[in-house]
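Read the structure below first, then the notes.
Number of protein chains: 2
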Amino acid sequence: MTLDEQVAYLTKGCVDVVREAELRTKLARSAAESTPLTVKVGFDPTAPDLHLGHTVLVRKMKHFQDLGHRVVFLIGDFTALIGDPTGRSKTRPPLSRQQIRENAETYKAQIFKLLDPDRTVVDFNSGWLGSLGSEGWIRLAAGYNVAQMLERREFRRRYDAGQPISVHEFLYPLAQAYDSVHLRADAELGGTDQLFNLNVGRDIMPTWGVEAQVVMTTPLLVGLDGAEKMSKTAGNYVGINEAPNEMFGKLMSISDALMWEYYKLLTDLSLAEIDALAARTESGAAHPKQVKIELATRIVTDFHSAGAARAAAAAFERQFARRELPTEAEVFRAKVNQPRRLTSIMVAAGLAPSSTAATRVITQGGVKIDGVRVADRFHVVPAGHPPFILQVGRRARRVRPFRSAPGQKNPAAP
Amino acid sequence: MTLDEQVAYLTKGCVDVVREAELRTKLARSAAESTPLTVKVGFDPTAPDLHLGHTVLVRKMKHFQDLGHRVVFLIGDFTALIGDPTGRSKTRPPLSRQQIRENAETYKAQIFKLLDPDRTVVDFNSGWLGSLGSEGWIRLAAGYNVAQMLERREFRRRYDAGQPISVHEFLYPLAQAYDSVHLRADAELGGTDQLFNLNVGRDIMPTWGVEAQVVMTTPLLVGLDGAEKMSKTAGNYVGINEAPNEMFGKLMSISDALMWEYYKLLTDLSLAEIDALAARTESGAAHPKQVKIELATRIVTDFHSAGAARAAAAAFERQFARRELPTEAEVFRAKVNQPRRLTSIMVAAGLAPSSTAATRVITQGGVKIDGVRVADRFHVVPAGHPPFILQVGRRARRVRPFRSAPGQKNPAAP
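Residue numbers (the working numbering), protein chains in the order written: chain E, 13 to 426; chain G, 13 to 426.
Below is the structure:
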């Protein structure tokens with residue numbers, strides 16, 4: 013790859029790159045001196061169960077490895093060992109070293125599906141932060157101003173709202189910054205919510221005699237619903253330990269628009285390759301369903317194997333043929349706070365002009381749920397029902413029931 | 013002493029007592045359990061050369077000792093060992109352990125003139141702060157809020173003015189507070205400028221399982237000029253290592269109003285005793301000059317001996333008789349930016365109605381400087397001239413020449 017291509021590959025999908033020119037300089041020097049760059053990424057040791065949302069960042073680490081660089085998978089166990097010293101959060105008890113070791117193993121089992129173990133250093137910041145010493149902490153804290161800290165949006169918001177910020181919360185970004193000093197990081201990657209913390213590292217490194225790191229952030233991945241960020245809580249996720257068929261089926265349910273975002277953030281294809289694929293789809297040379305199958309195949313291959321992906325694709329096709337599932341996943345988010353008449357959902361989803369019309373189609377046998385005909389015109393969808401395919405004649409919707417919080421409006425369909 | 017008398021004795025002259033009721037409780041418990049209270053006072057190891065201004069605080073420590081309590085003279089060497097980690101202050105290089113030990117000896121030689129060595133613990137906070145550990149610092153910082161810190165007047169002012177406050181400046185009050193935790197202090201004393209820091213100790217102690225300390229502050233002592241706080245820079249001080257005669261003479265130069273303040277802050281007399289003395293002076297039963305001689309005698313006795321004080325008093329009387337010095341020290345602060353005609357000063361000091369009148373008195377032989385007749389009517393006082401007694405006939409002034417900063421007005425005479 014040329015230097016331009018390297019920069020394009022590494023910055024693909026990134027939200028912030030501070031500064032691209034410095035990244036270019038470091039890459040050029042690395043090549044000239046045949047010395048790999050050190051790329052640092054911090055992870056919280058309390059949440060080792062990854063979904064595709066987390067892999068956006070891990071994949072960005074992989075991209076650096078693809079170009080021969082050295083990645084530090086840094087487990088931020090220093091703060092976890094302490095827990096919440098204010099005693100305010102009952103949900104943050106300190107972790108034991110044993111728990112942290114176990115979580116690290118769980119992490120490894122997952123990340124090495126994407127990362128090259130030979131180019132990955134798994135490290136723990138308690139090693140150096142635990143022995144930083146009083147003078148070290150004072151010196152670290154001396155390198156940053158209160159006003160700079162309060163520029164962080166989250167701090168600013170709480171300060172302005174009169175909500176307490178403990179002084180030790182100012183020490184945590186500095187501790188993370190010191191990790192970069194200790195590791196002599198050339199680059200640090202993180203989610204967009206980490207931009208402030210990553211820049212603190214960038215800011216203080218020169219005062220400790222270390223060249224400032226390049227800071228790069230990856231975006232939050234939108235979940236399967238195309239609406240909220242992917243998370244366990246929202247239920248719109250694909251866990252990287254899920255079975256191939258489950259993973260494949262979930263990925264086939266996303267919208268075409270979301271599919272291109274996933275191509276960008278969940279595959280190693282370059283932007284040029286993705287653009288070419290989009291153009292072929294646009295012109296009709298490639299079929300959207302096939303393009304989506306290719307995406308799902310790539311992702312299942314990453315976390316299982318090519319064989320498993322082929323088998324999952326075949327299984328999906330069989331299921332699709334049997335149930336006449338719609339290829340286009342037009343998702344309708346239906347509010348189902350309490351058991352709701354199917355006819356009401358049909359009207360709300362735009363599959364029938366009125367309740368009367370909806371009742372008529374049901375009695376005529378033209379309505380199916382997940383491929384199974386519904387004969388009862390009083391059919392009710394219970395609260396808590398899982399997503400289903402609703403077919404009315406030749407039209408269909410994926411219906412995703414949800415319970416609204418009190419006072420919450422029906423979120424816009426994607 | 014009754015409990016009431018103890019409280020009155022200990023709080024005499026204090027600016028803040030937080031809370032007097034707690035002090036009373038602690039004193040009662042101390043008596044009941046025959047266990048002395050621990051009284052902590054922190055001192056900066058960089059400035060061991062004391063003047064009477066510093067002794068206000070040291071004497072308050074003595075008052076606790078007088079009632080049988082244990083005093084910790086705490087040398088805050090932790091921060092001094094680090095110096096200024098921001099590198100902004102070139103005048104604050106780190107001190108070596110050797111320098112700190114030497115400064116401690118200098119301190120001891122001075123404070124043991126007032127304090128009882130047997131009831132004084134001289135300690136150094138580097139002992140526990142240097143080994144506080146990362147978890148200790150985090151826990152310490154977790155116990156205080158950013159908003160609480162910014163309530164400190166000095167921080168608030170700088171923050172509002174956009175002047176930088178380094179994060180480590182938030183750690184220093186917490187470190188001082190931890191001293192109180194470590195020492196299990198029952199009370200902490202300090203100057204009024206220390207009120208915030210002392211209260212931080214009071215605030216955090218309960219979260220470390222230690223009973224909160226009582227906080228007591230002593231006022232700044234006004235200097236000999238009766239105008240500014242006593243300091244070396246202002247030149248209005250009495251050093252506690254000064255010779256008896258010098259000390260005595262300086263003290264005799266203060267105004268009557270200041271004399272009562274000095275009685276309160278620089279002697280062990282109770283307020284009741286001082287009030288009685290003031291009443292006798294008011295009624296004419298005691299002569300102000302004699303009362304001032306008694307004050308000077310008490311102070312010189314404290315720092316030298318009763319014999320030295322008697323000798324100094326006698327020497328002063330002889331000098332007074334010889335030079336016909338004024339008993340009342342009416343001080344006139346004369347601006348002498350460049351050599352200034354004596355006649356001009358006489359007019360400004362109110363000792364002559366006009367230059368012409370002033371010239372006439374000089375030529376008539378009625379003007380003396382420090383008891384020596386001035387014959388030259390063009391006599392000039394050079395810039396930088398030390399203070400002197402100016403007599404015009406039977407009237408006299410202490411003239412204290414000063415240079416004004418550019419644009420500064422002549423400060424009001426006391």
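Beta carbons are placed, not taken as given, at the ideal position from N, Cα and C, and that holds for glycine.
Since we're looking at a predicted model, the values are computed, not measured.
Exposure label - residue i; buried when at least 16 CB within 10 Å
i, result
"A408 (chain G)", "buried"
"R71 (chain E)", "buried"
"T244 (chain G)", "The identity of residue 244 (chain G) in the sequence shown is Lys, whereas the question assumes Thr. Label assigned to K244 (chain G): exposed."
"Q175 (chain G)", "exposed"
"S192 (chain G)", "buried"
"H316 (chain E)", "buried"
"L15 (chain E)", "exposed"
"E181 (chain E)", "buried"
"H299 (chain E)", "exposed"
"M228 (chain E)", "buried"
"Q206 (chain G)", "buried"
"P105 (chain E)", "exposed"
"G405 (chain E)", "exposed"
"D89 (chain G)", "buried"
"D287 (chain E)", "exposed"
Cβ pair residue i, residue j closer than 8 angstroms
i, j, result
"K24 (chain G)", "K276 (chain G)", "yes"
"G479 (chain E)", "I401 (chain E)", "Outside the displayed range of chain E (13 to 426) lies residue 479 (chain E), so it cannot be described from this structure."
"Y156 (chain G)", "S138 (chain E)", "no"
"V53 (chain G)", "E223 (chain G)", "no"
"T58 (chain E)", "L93 (chain E)", "no"
"L263 (chain E)", "N248 (chain E)", "no"
"L354 (chain G)", "V393 (chain G)", "yes"
"T219 (chain E)", "C26 (chain E)", "no"
"F55 (chain G)", "L86 (chain G)", "yes"
"L427 (chain E)", "V303 (chain E)", "In the structure as shown, chain E starts at 13 and stops at 426, and residue 427 (chain E) therefore has no counterpart that could be examined."
"P60 (chain G)", "Y21 (chain G)", "no"
"L144 (chain G)", "S267 (chain E)", "no"
"L270 (chain G)", "G65 (chain G)", "no"
"F208 (chain E)", "R164 (chain E)", "yes"
"Y171 (chain E)", "A159 (chain G)", "yes"
Own chain partners of residue i with C-beta closer than 6 angstroms, once the 5 adjacent residues on each side are dropped
i, result
"F260 (chain E)", "A308, V312, A324 and F328"
"H194 (chain G)", "W140"
"L62 (chain G)", "Q122 and I252"
"R389 (chain E)", "T371, I374 and T375"
"V379 (chain E)", "V373, V386 and V404"
"Y190 (chain G)", "L152"
"F332 (chain E)", "none"
As assigned by DSSP and simplified to three states, the class of residue i
i, result
"Q175 (chain E)", "coil"
"D382 (chain G)", "coil"
"H180 (chain G)", "helix"
"K125 (chain E)", "coil"
"T67 (chain G)", "helix"
"V212 (chain G)", "helix"
"F167 (chain G)", "helix"
"I311 (chain G)", "helix"
"V250 (chain G)", "coil"
"M13 (chain E)", "coil"
"V222 (chain G)", "coil"
"L207 (chain G)", "helix"
"F328 (chain G)", "helix"
"E240 (chain E)", "coil"
"K24 (chain E)", "coil"
"G145 (chain G)", "helix"
Sequence-distant residues of the same chain with beta carbon closer than 8 angstroms to residue i, five excluded per side
i, result
"N422 (chain G)", "With a pLDDT of 43 at N422 (chain G), under the threshold of 50, the predicted position of this residue should be treated as unreliable, and no value is reported."
"Q77 (chain E)", "V83, L127, D128, R131 and T132"
"R168 (chain E)", "L162"
"T479 (chain E)", "In this structure chain E extends from 13 to 426, so residue 479 (chain E) is not present and cannot be described."
Close Cβ partners of residue i (< 7 angstroms) along its chain, the five nearest in sequence each way excluded
i, result
"V411 (chain G)", "F344, A346, I357, A361, P399, F400 and L402"
"Q225 (chain E)", "S192, A197, D198, A199, E200, G213, R214 and M217"
* Residues of the region 134 to 165 of chain G with a CB closer than 9 angstroms to any CB of chain E: list them in chain order, please. => S138, L141, G142, S143, L144, G145, S146, E147, G148, W149, I150, R151, L152, A153, A154, G155, Y156, N157, V158, A159, Q160, M161 and L162
* **Interface positions of the region 178 to 200 of chain G facing chain E (Cβ-Cβ less than 9 angstroms), listed along the chain** => S178, V179, H180, E181, F182, L183, Y184, L186 and A187
* Asked: If you measure beta-carbon to beta-carbon, which residues of the region 93 to 122 of chain G are closer than 7 angstroms to chain E?
  -> I94, P97 and T98
* Listed in chain order, which residues of the region 49 to 78 of chain G have Cβ atoms closer than 9 angstroms to some Cβ of chain E? -> none
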